[in-house]
Amino acid sequence: MPELPEVETTLRGIRPHVLGRRVEEVAVRAPRLRLPVPELAPRLVGRALEGLRRRGKYLLFAAGEGHLLLHLGMSGSLRILPAAAPPGPHDHLDWTLEGGLCLRFTDPRRFGLVQWLQGDPLAHPLLAGLGPEPLGEAFTADYLYRASRGRRVAVKAFLMDGRVVAGVGNIYANEALHRAGIRPLLPAGRLSRARCGRLVAALREVLAEAVAQGGTTLRDFVGGDGRPGYFAQALRVYGRAGAPCAGCGAPLREVRLAGRSTVYCPRCQR
DNA sequence: CCCTGAACCTGACCGC
DNA sequence: TGCGGTCAGGTTCAGG
Numbered sequence: 730m731p732e733l734p735e736v737e738t739t740l741r742g743i744r745p746h747v748l749g750r751r752v753e754e755v756a757v758r759a760p761r762l763r764l765p766v767p768e769l770a771p772r773l774v775g776r777a778l779e780g781l782r783r784r785g786k787y788l789l790f791a792a793g794e795g796h797l798l799l800h801l802g803m804s805g806s807l808r809i810l811p812a813a814a815p816p817g818p819h820d821h822l823d824w825t826l827e828g829g830l831c832l833r834f835t836d837p838r839r840f841g842l843v844q845w846l847q848g849d850p851l852a853h854p855l856l857a858g859l860g861p862e863p864l865g866e867a868f869t870a871d872y873l874y875r876a877s878r879g880r881r882v883a884v885k886a887f888l889m890d891g892r893v894v895a896g897v898g899n900i901y902a903n904e905a906l907h908r909a910g911i912r913p914l915l916p917a918g919r920l921s922r923a924r925c926g927r928l929v930a931a932l933r934e935v936l937a938e939a940v941a942q943g944g945t946t947l948r949d950f951v952g953g954d955g956r957p958g959y960f961a962q963a964l965r966v967y968g969r970a971g972a973p974c975a976g977c978g979a980p981l982r983e984v985r986l987a988g989r990s991t992v993y994c995p996r997c998q999r
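Per our numbering, residue 730 is the first one in the first sequence, and the count goes up by one each step.
1) For a quick check, are the C-beta atoms of residue 933 and residue 864 less than 8 Å apart?
2) Taking the C-alpha atoms as reference points, what is the distance between residue 784 and residue 937?
3) Can you tell me which of 796, 944, 802, 734 puts its alpha carbon nearest to the alpha carbon of residue 836?
4) Please go through the region 793-879 and give each complete alpha helix (DSSP H) segment of 4 or more residues, from N-terminal end onward.
5) Assuming the contact rule is C-beta atoms closer than 8 Å, residue 810 and residue 833 should be a hit. Round their C-beta distance to whole Å, please.
6) Should residue 984 go down as buried or exposed, given a rule of 16 or more other Cβ atoms within 10 Å for buried?
7) Residue 843 and residue 774 - do their beta-carbons sit closer together than 8 Å?
8) Looking only at DSSP bridge pairs, what is residue 990 linked to?
9) Using 10 angstroms around the beta-carbon of residue 972, count the other beta-carbons present and answer buried if the total reaches 16, otherwise exposed.
10) If I measure Cβ to Cβ from residue 826 and keep anything under 8 Å in the same chain, skipping five residues before and after, which residues do I get?
11) Any idea which residues DSSP pairs residue 754 with across the strands?
12) Compute the beta-carbon to beta-carbon distance between residue 736 and residue 786, rounded to the nearest angstrom, for a pair I have assumed lies under 8 Å.
13) With distance defined between alpha-carbon atoms, name the residue in 996, 948, 915 nearest to residue 726.
14) Decide yes or no for the touch test of the region 950-969 against the region 990-997: beta carbon pairs closer than 8 Å, at least 3 of them.
15) How far does the beta strand (DSSP E) with residue 780 in it reach, from first residue to last?
16) Pull up the distance between the alpha-carbon of residue 763 and that of residue 987, whole angstroms please.
17) Around the Cβ of residue 990, are there at least 16 other Cβ atoms within 10 angstroms (buried) or fewer (exposed)?
18) Measure from the alpha carbon of residue 838 to the alpha carbon of each residue in 921, 805, 928, then state which is nearest.
19) Three-state secondary structure (DSSP) at residue 790?
20) Can you name the start and end residues of the alpha helix (DSSP H) that residue 945 belongs to?
21) If you follow the alpha helix (DSSP H) that residue 770 is part of, which residue opens it and which one closes it?
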């Protein structure tokens, strides 16, 4: 479900309700998600959630002696609810906060992840190898050009590699390549410097627009406030195989690349 | 280095 | 209605 814009939407939705709030209670109903769920109550109860930030598709809550690391996986969502709301079958984690609210993690497929991190959170193995933030200053044409030299991997797989750039998943990789006019199967190392610039600009643009629209809701994504995202209507290729290209009218083509559905315009994207 | 397929899960949807 | 197959926004690993 969630790529960077959906995680950012989640962060913005919950931040005003959790920041500075003390945790009164922690309920863990699933023994494991992608990894076993650690002991959270002793580390969190009585502590305030002092900070909340995003790194790629990960959320980091600063609390007490460490950080809570959370990933939404394919089907996860994090919401603010009244503390009395009864849990459904896929509501795996609750943090009851002072003031009568509850932060709830729901994840039918359980590909999400929760870990407790000691020390410098960015030094943790799950985060240390991540590439630059696509909306940050370090993600430049120059960076992408240099990172792609000598790489024969398809540019779409390259973009979705978190070590190259953080937080780009299947939807936005498809969308950015279409906006930049680049064929997804093109070997990354064949991109010219100028095309790297166009790709960086297209990716930043599509991510920023999606964040502004509250992310993309395809089936069930809801932000921290329970509202869906409205970017689905702005998608130009994802989920539109066979439909006419918004740019030239040619039918959009679908192939599988690295096991993921890949949609592009055979005429506009070279 | 790079590719594919599979694994981890559930739910939605489609055709029969 | 039901059943079986396919697909899904992520990540990681084995094997070729």
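Backbone N, C-alpha and C fix where the C-beta goes; we use that ideal spot for every residue, glycine too.
The short version:
1) yes
2) Approximately 15 Å, taken between the alpha carbons.
3) 802
4) 854-857, 870-877
5) 5 Å
6) Burial check for residue 984: the Cβ neighbour count within 10 Å stays below 16, so the residue is exposed.
7) no
8) Residue pairing from DSSP places residue 990 in a beta bridge opposite 985.
9) With fewer than 16 other Cβ atoms within 10 Å, it is exposed.
10) 746, 747, 750, 751, 752, 753, 778, 812, 832
11) 825
12) 5 Å
13) Residue numbering for the chain in the displayed model covers 730 to 999; residue 726 lies beyond these limits and cannot be assessed.
14) yes
15) In the DSSP assignment, residue 780 falls within the beta strand (DSSP E) that extends over 778-784.
16) Rounded to the nearest angstrom, the two C-alpha atoms are 21 Å apart.
17) exposed
18) 805
19) In this structure, residue 790 counts as strand in the three-state DSSP scheme.
20) Counting along the chain, residue 945 falls outside any alpha helix (DSSP H), and DSSP gives it neither H nor E.
21) 770-773
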